[in-house]
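Notes to accompany the following structure.
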Amino acid sequence: MEPIFTIVYGLTMIISISINWKRIKKESRMARWFFIGLHGVSIIFFASLLWKIPLPPLFQSYNNTMSTMIRNLLP
Amino acid sequence: MVLPREIIRISDKDAWISNLIPAMVLLLTCYLYYRLAAAYPGKHLFEISVLALGRVGGRVFNSIILLHFGLLIIRDLNLMSKFINITLLTETPVSAILFAMVGVVLYFGRLGVEDHARVNEIIYPIFLVLILALPFMLSSEISFQRMEPFMTEGLGNLLASGMVNYGWLGDIIVMGAFLHTLSQASQIHAVLRNGLLTSILLLTLVQGCIILALGSNLGEIMVFPVYTLTQQISLTEFLDRVELIVYAVWLPITILKVIIVYGAFQIGFSHMLRTKKKQVYNLPLGLLMVILSLVMMDTMAEAFHFSLYTSIVHTVVTQALLYVMVAIAWIRHKSRFDSARLSEVQRRWTIRTNILIFCSFAPVIAGYMMAHDFILAGMVASALHFGFKILFVLSSRKEVHAAREASRQ
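The listed protein sequences correspond, in order, to chains F and X. With the first sequence counted from 1, adding 11 to any position gets you the numbering used here. With the second sequence counted from 1, adding 761 to any position gets you the numbering used here.
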């Protein structure tokens, strides 16, 4: 992954949390958890890209299965 | 972007006809949206689903629809970034292109649907003129022999390529999130039909031009046949790189599509979390979109498989869920659904458009039955089919005018 992408992505993440933290405190509990969850998922995927940690290819397997099924239906 | 390649692979020279079949199915979606908007005025799809299916059922339905919207955004961003990286900015990393595009999407995400519509008002006419002018700009490259013999590829192949078209045209489901933006349900009916039928005509023109200018053999092996097609435009020696002008219009229109899907996603997301401050989630959602676009479809092959085949499954599932939801809503709140009425003039134009749609379909059936024995029959049927396509778009435009006049009175 390009170093510039790492810097920009990391900075944007910090800005996103710092700007919205005060606003999200006033929201419902579910909204707060969603906010934390969104950042959490982004951080996990970002870390996996940064340190090349292989994640389970769940989406890829799903995509392969579905596309193969449809391709078999098509002429 | 990549759709014509697969359609041409399946139905070869007849690829340009194949988009009428999914359009006929999706006209039902437009009709159901009109009935929903009339039955539940001022409410969008996510609110209606909760009213129809109850809190739990509505939330499950909304979650599935939102997941579909999210995947649509990731698919479009991924394909666009890869396209720009392969054809225009070969030295720029995909991640940088993605960041730039998501920046635009997030900027518009802070604004409302009115702003999106106003930007569309500026770009869409230029886009329309460019597509309509495509056959004339390519006139030196076009040869009708490349399309001959007409209507001989078989109805089975036509249905299969119609299915691939359905995977993309099914994106019309996002308009459900904007049902509350128009006060008159009759306007929603007219506008959705006009939009769908106009897109059918434009797709026909583009796919037809690919076959006429490049030939079906080249069209099916090219990664981005539309880009190659625009590269063929050579008006004079002064205007040799017209494709850059075409893409200066085409790219904003495609990003606008992502913006509209993102707007629909935000409406659903805010409704699910019961928050009015959608801006809070703007940046986190943008970051997630960038990273998921990079991780989920890493290679071009994966992006192709997802956009061409897996999208069909998603469209079929979401459309089926929508139909089930509307059926339950109709049974539960029958009295609400009785209120839908079109004005007399609009109703008349709607019937005329429906007749013209049927008329454009009839020559296809007749052509496929006769073209193997009489080459001329295929040719006449193709001409009739195309002529009726133009007529039904003009007629649907009249529906929009009639709906507008009725709402003024």
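Built from N, CA and C at the ideal position, the CB exists for glycine as well. These numbers come from a predicted model, not from an experiment.
A distance below 8 Å between beta-carbons, with the five flanking residues on each side excluded, links residue 856(X) to the following residues of its chain, in chain order: 1051, 1055. Residue 53(F) carries a helical assignment under DSSP once its states are collapsed to helix, strand and coil. The C-beta of residue 1109(X) comes no closer than 8 Å to any C-beta of chain F. Residue burial annotation: residue 991(X) is buried, with at least 16 other C-beta atoms found within 10 angstroms of its C-beta. Closest in C-alpha terms to residue 929(X), from the list 967(X), 985(X), 1035(X), 1076(X), comes 1076(X). Taking CB atoms only, residue 81(F) has a neighbour in chain X less than 8 Å away.
DSSP, read as helix, strand or coil, puts residue 1046(X) in helix. Straight-line spacing of the CA atoms in residue 84(F) and residue 923(X) works out to 13 Å.
In this chain, the alpha helix (DSSP H) harbouring residue 837(X) covers 806-848. Between residue 970(X) and the set 896(X), 1039(X), 981(X), 806(X), the nearest pair of CA atoms involves 896(X). Against chain F, the CB of residue 944(X) has no partner CB under 8 Å away; the residue lies outside that interface.
The beta carbons of residue 946(X) and residue 1138(X) sit no closer together than 8 Å. Of 810(X), 1010(X), 870(X), 944(X), the smallest CA-CA separation from residue 887(X) is found for 1010(X). Boundaries of the alpha helix (DSSP H) around residue 1011(X): 1003-1034. With 16 or more other CB atoms across the displayed protein chains lying within 10 angstroms of its CB, residue 770(X) is buried.
Residue burial annotation: residue 890(X) is exposed, with fewer than 16 other C-beta atoms found within 10 angstroms of its C-beta. With respect to chain F, the C-beta atom of residue 1142(X) has no partner C-beta closer than 8 Å. In this structure residue 41(F) is exposed. Its beta-carbon is surrounded by fewer than 16 other beta-carbon atoms within 10 angstroms. With respect to the 8 Å criterion, residue 904(X) and residue 973(X) are classified as neighbours on the basis of their beta carbons.
Rounded to the nearest angstrom, the gap between the Cα atoms of residue 1004(X) and residue 977(X) is 21 Å. The three-state reading of DSSP puts residue 1109(X) in helix, counting H, G and I together. At least 8 Å separates the CB of residue 61(F) from every CB of chain X. Sorting 831(X), 1104(X), 1148(X), 784(X) by C-alpha distance to the C-alpha of residue 1164(X) places 1104(X) at the top.
Excluding sequence positions up to five before and after residue 822(X), its CB lies within less than 7 Å of the CB of 810, 814, 1082, 1086, all in the same chain and listed in chain order. For residue 78(F), the nearest beta carbon of chain X is closer than 8 Å to its own beta carbon.
Put simply, the CB of residue 1054(X) is far from chain F, with every gap to its CB atoms at 8 Å or more. Proximity of residue 771(X) to chain F, defined by a Cβ-Cβ separation below 8 Å, is satisfied. By the neighbour-count definition (other C-beta atoms within 10 Å, threshold 16), residue 1143(X) is a buried residue.
The beta carbon of residue 71(F) is closer than 7 Å to none in its chain, skipping five residues each way along the sequence. At a cut-off of 8 Å between C-beta atoms, residue 839(X) does not count as an interface residue with respect to chain F. Looking from the CA of residue 1161(X), the closest CA among 1141(X), 1117(X), 1107(X), 1119(X) belongs to 1107(X). Sixteen is the threshold: since fewer than 16 other Cβ atoms of the shown chains lie within 10 Å of the Cβ of residue 80(F), the residue is exposed. Per the coordinates, the alpha-carbon of residue 24(F) lies some 13 Å from the alpha-carbon of residue 58(F). With a contact defined as Cβ atoms closer than 8 Å, residue 1157(X) and residue 1114(X) qualify at about 5 Å.
Listed along the chain, the chain F residues whose CB falls inside 8 Å of the CB of residue 917(X) are 86. Within chain X, no residue has its CB atom less than 7 Å from the CB of residue 40(F), the nearest being about 10 Å off.
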